[in-house]
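Here the protein sequences come in this chain order: Z and V.
As numbered in my numbering, residues 4 to 302 make up the first sequence, in order.
As numbered in my numbering, residues 4 to 302 make up the second sequence, in order.
For each residue, glycine too, the CB sits at the ideal point set by N, CA and C.
There are 2 protein chains.
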Amino acid sequence: MQYRIAIVGYGNIGRFALEAVEAADDFVLTGVVRRTASLDRIPPELQDYPVAGSINELGKVDVALLCVPSRAVPEYAREILSAGVNTVDSYDIHGELVRLKKELDPVAREHNCVSVISAGWDPGTDSMIRGIFEFMAPHGLTHTNFGPGMSMGHTVAAKAIPGVKNALAMTIPAGAGVHRRMVYVELEQGAEFDRVAEAIKADPYFRVDATTVIPVHRVERLIDTGHGVMMERKGVSGKTHNQRFRYEMRVNNPALTAQIMVAAARAGLRQKPGCYTMLEIPVIDYLYGERDELLNRLV
Amino acid sequence: MQYRIAIVGYGNIGRFALEAVEAADDFVLTGVVRRTASLDRIPPELQDYPVAGSINELGKVDVALLCVPSRAVPEYAREILSAGVNTVDSYDIHGELVRLKKELDPVAREHNCVSVISAGWDPGTDSMIRGIFEFMAPHGLTHTNFGPGMSMGHTVAAKAIPGVKNALAMTIPAGAGVHRRMVYVELEQGAEFDRVAEAIKADPYFRVDATTVIPVHRVERLIDTGHGVMMERKGVSGKTHNQRFRYEMRVNNPALTAQIMVAAARAGLRQKPGCYTMLEIPVIDYLYGERDELLNRLV
Numbered sequence: 004m005q006y007r008i009a010i011v012g013y014g015n016i017g018r019f020a021l022e023a024v025e026a027a028d029d030f031v032l033t034g035v036v037r038r039t040a041s042l043d044r045i046p047p048e049l050q051d052y053p054v055a056g057s058i059n060e061l062g063k064v065d066v067a068l069l070c071v072p073s074r075a076v077p078e079y080a081r082e083i084l085s086a087g088v089n090t091v092d093s094y095d096i097h098g099e100l101v102r103l104k105k106e107l108d109p110v111a112r113e114h115n116c117v118s119v120i121s122a123g124w125d126p127g128t129d130s131m132i133r134g135i136f137e138f139m140a141p142h143g144l145t146h147t148n149f150g151p152g153m154s155m156g157h158t159v160a161a162k163a164i165p166g167v168k169n170a171l172a173m174t175i176p177a178g179a180g181v182h183r184r185m186v187y188v189e190l191e192q193g194a195e196f197d198r199v200a201e202a203i204k205a206d207p208y209f210r211v212d213a214t215t216v217i218p219v220h221r222v223e224r225l226i227d228t229g230h231g232v233m234m235e236r237k238g239v240s241g242k243t244h245n246q247r248f249r250y251e252m253r254v255n256n257p258a259l260t261a262q263i264m265v266a267a268a269r270a271g272l273r274q275k276p277g278c279y280t281m282l283e284i285p286v287i288d289y290l291y292g293e294r295d296e297l298l299n300r301l302v
Numbered sequence: 004m005q006y007r008i009a010i011v012g013y014g015n016i017g018r019f020a021l022e023a024v025e026a027a028d029d030f031v032l033t034g035v036v037r038r039t040a041s042l043d044r045i046p047p048e049l050q051d052y053p054v055a056g057s058i059n060e061l062g063k064v065d066v067a068l069l070c071v072p073s074r075a076v077p078e079y080a081r082e083i084l085s086a087g088v089n090t091v092d093s094y095d096i097h098g099e100l101v102r103l104k105k106e107l108d109p110v111a112r113e114h115n116c117v118s119v120i121s122a123g124w125d126p127g128t129d130s131m132i133r134g135i136f137e138f139m140a141p142h143g144l145t146h147t148n149f150g151p152g153m154s155m156g157h158t159v160a161a162k163a164i165p166g167v168k169n170a171l172a173m174t175i176p177a178g179a180g181v182h183r184r185m186v187y188v189e190l191e192q193g194a195e196f197d198r199v200a201e202a203i204k205a206d207p208y209f210r211v212d213a214t215t216v217i218p219v220h221r222v223e224r225l226i227d228t229g230h231g232v233m234m235e236r237k238g239v240s241g242k243t244h245n246q247r248f249r250y251e252m253r254v255n256n257p258a259l260t261a262q263i264m265v266a267a268a269r270a271g272l273r274q275k276p277g278c279y280t281m282l283e284i285p286v287i288d289y290l291y292g293e294r295d296e297l298l299n300r301l302v
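This is how it looks when you write it as structure tokens:
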């Protein structure tokens, strides 16, 4: 049985979502939703698929991957869930997540479908591993160190600042879960660097961290989508101290995000109606394959 | 609200289970079940708790931690589930797990309770992380490297060999998921070393790995319960190769196992009747605390 999946938004994540869907045995791509403006310039890899301005034009869809900026997720999710279609997003505004869940949960239930929110690597799989580390050693500290790598969320936020033609926001780990941000900006004609730098530093994405803004001629030549995480916990199991846990990954960032979204789409199809974060779904539901075979192999 | 928990079996894991229960805010220890023979020698840390020969003597119990050898788990689990009490075990005979699940599932359902099996670090949390690694990069290889450290399962198996007075089985990582076993044995009077060594090497726990058996005068002086895991996956997300993941822990082994059993007891109380492995329960259910607060903090 193959489920019908649609990709909504065809930017950085959308392109990798196409590859992840094509590589998955249990999904078939129903089509891609793009802004009307992009419809006449169809890239070659989409020639064999319907490309539409709205998901309603794609026929039956079981689940939609919302590959749109975080800030646009709530509206797309509400609309698509209201049509009875499951959604998966990689909403990454950490503090707003529970609010989004509470907003989408009744919509999903009413329309008998499932929304999996914040399905990426952080929030997402990192959150799952943070949770596992915490129940293995309930007292102690976890530090999540990101990078060095390009932060897609921060890059989108920097690009949205007036006067910025193109930008690259790098996350630099400073140890113990503290980070610096390095933002490389290409200015629009006539834009004043100091004002742009101040606006970036005042943005909610940047104001919590030490941020350095650097003007460059061509941002494009700096871009590499490799990223990493190093998460550490030192804590107490029962009354035994000095229990040590460490998780590390070095990955192509959008490829991993897209792959996790496809896994979350699969998991969503196995849940009862409602809105879920990745922490609220059993690990086995994300995996393709026969259940007993998976248990025999993984357990 | 505090749940009433019992510890069944008071060996290595049982002692650490006592500490993990005492450290948990949501459980109260109802008592400890020991073999009748041990009932007149009550260790000081158990003075304040009921110690009984059977769980039926402990009054109302919500969940029992089966801190008994793997081979004894099926019988204890069937009996206690039949009394309508949840169980948690750390059954570690990998190939037999699905069979145990199928055996206990109908018993748990019939008596309206929950059994969480193989709740330890491997199988257990390692299985969860293997699953997460696999859905992040569905094609590729995972290697789980254990040790150096004392394997409790292998040590129990070695001690059960005729002629062995005391034993310590160490797991030595040889890379790429291959291991050697080093077994230090103290012989019983008159036992012949060569026969003992052959019997150990022929045991199902040992015959799959290169095993060295070494005679020693006092096993006791060699024992340190530190252990470790280093799990690596290199795989493909969508069509992007060379995605790298690594998980490492260095811990006191029985303390971690006992802590995970307590977390699994909590998680079991949140599931519908049936038998579960750790892969089949959402991460959040293992954690103590208010759900929205957990999501805000971990996601």
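For this session: Can you have a look at residue 28 of chain V and say buried or exposed, based on whether 16 or more other CB atoms are within 10 angstroms of its CB?
Result: exposed
Exercise. Buried or exposed: where does residue 288 of chain V fall if 16 or more other Cβ atoms within 10 Å of its Cβ makes it buried?
Worked result: buried
Exercise. Using a C-beta to C-beta distance shorter than 7 Å, which residues of chain Z count as neighbours of residue 242 of chain V?
Worked result: Under the 7 Å cutoff, chain Z gives 22, 26.
Problem set entry | Neighbour list for residue 128 of chain Z in chain V, Cβ cutoff strictly below 8 Å | 135, 139
For this session: Please decide whether residue 112 of chain V counts as near chain Z, where near means a Cβ-Cβ distance under 9 Å.
Result: no
Exercise. Considering residue 79 of chain Z, what are the terminal residues of the alpha helix (DSSP H) in which it resides?
Worked result: DSSP places residue 79 of chain Z in the uninterrupted alpha helix (DSSP H) bounded by 76–85.
Problem set entry | Best match in Z/18, Z/207, Z/163 for proximity to residue 47 of chain Z [C-alpha to C-alpha] | Z/18
For this session: Would you grab the beta carbon distance between residue 107 of chain Z and residue 120 of chain Z for me? Rounded to a whole angstrom, and I think it's under 8 Å.
Result: 7 Å
Exercise. CA-CA distance, residue 99 of chain V and residue 207 of chain V?
Worked result: Going by the C-alpha atoms only, they are around 12 Å apart.
For this session: Pull up the distance between the alpha-carbon of residue 26 of chain Z and that of residue 188 of chain Z, whole angstroms please.
Result: Approximately 35 Å, taken between the alpha carbons.
Problem set entry | Under the three-state DSSP convention, the category residue 267 of chain V falls into | helix
Exercise. Quick one: what does DSSP say residue 177 of chain V is sitting in, helix, strand or coil?
Worked result: strand
For this session: Could you name the residues of the same chain whose beta carbon sits closer than 7 Å to that of residue 72 of chain Z, not counting the 5 residues immediately before and after it, in chain order?
Result: Same-chain partners within the cutoff: 159.
Exercise. Which one or two residues does DSSP pair with residue 278 of chain V in a beta bridge?
Worked result: V/118
Exercise. Excluding sequence positions up to five away, which residues of its chain have a Cβ less than 6 Å from the Cβ of residue 277 of chain Z?
Worked result: 108, 111, 112
For this session: Could you round the C-beta distance between residue 94 of chain V and residue 84 of chain V to whole angstroms and report it? I think they count as a contact, below 8 Å.
Result: Wrong, their Cβ atoms sit about 14 Å apart, outside the cutoff.
For this session: Please determine, among Z/125, Z/223, Z/90, Z/229, the residue with the shortest C-alpha to C-alpha distance to residue 114 of chain Z.
Result: Z/90
Problem set entry | Distance CB(residue 249 of chain V)-CB(residue 269 of chain V) smaller than 9 Å | no
For this session: Give the residues of chain V in contact with residue 280 of chain Z, contact being defined as C-beta atoms less than 7 Å apart.
Result: 298, 302
Problem set entry | Members of the segment 228–255 of chain Z that neighbour chain V once the beta carbon cut-off is set at 7 Å | 240, 241, 242, 243, 246, 247, 248, 249, 250, 251, 252, 253, 254, 255
Exercise. Would the beta-carbon of residue 147 of chain Z fall within 9 Å of that of residue 238 of chain Z?
Worked result: no
Exercise. Are the C-beta atoms of residue 283 of chain V and some chain Z residue less than 9 Å apart?
Worked result: With a threshold of 9 Å between beta carbons, residue 283 of chain V makes contact with chain Z.
For this session: Go through its chain and collect everything with a Cβ distance to residue 162 of chain Z's Cβ below 6 Å, but skip five positions before and after it.
Result: 170
For this session: Taking 9 Å as the cut-off, decide whether the C-beta atoms of residue 254 of chain V and residue 246 of chain Z are in contact.
Result: Yes. Within cutoff.
Problem set entry | Buried or exposed by the 16-neighbour rule on C-beta atoms within 10 Å, applied to residue 230 of chain V | buried
Exercise. Could you check where the beta strand (DSSP E) with residue 198 of chain V kicks off and where it finishes?
Worked result: Residue 198 of chain V -> not in any beta strand (DSSP E); alpha helix (DSSP H) instead, spanning 196–205.
Problem set entry | Under the three-state DSSP convention, the category residue 247 of chain V falls into | strand
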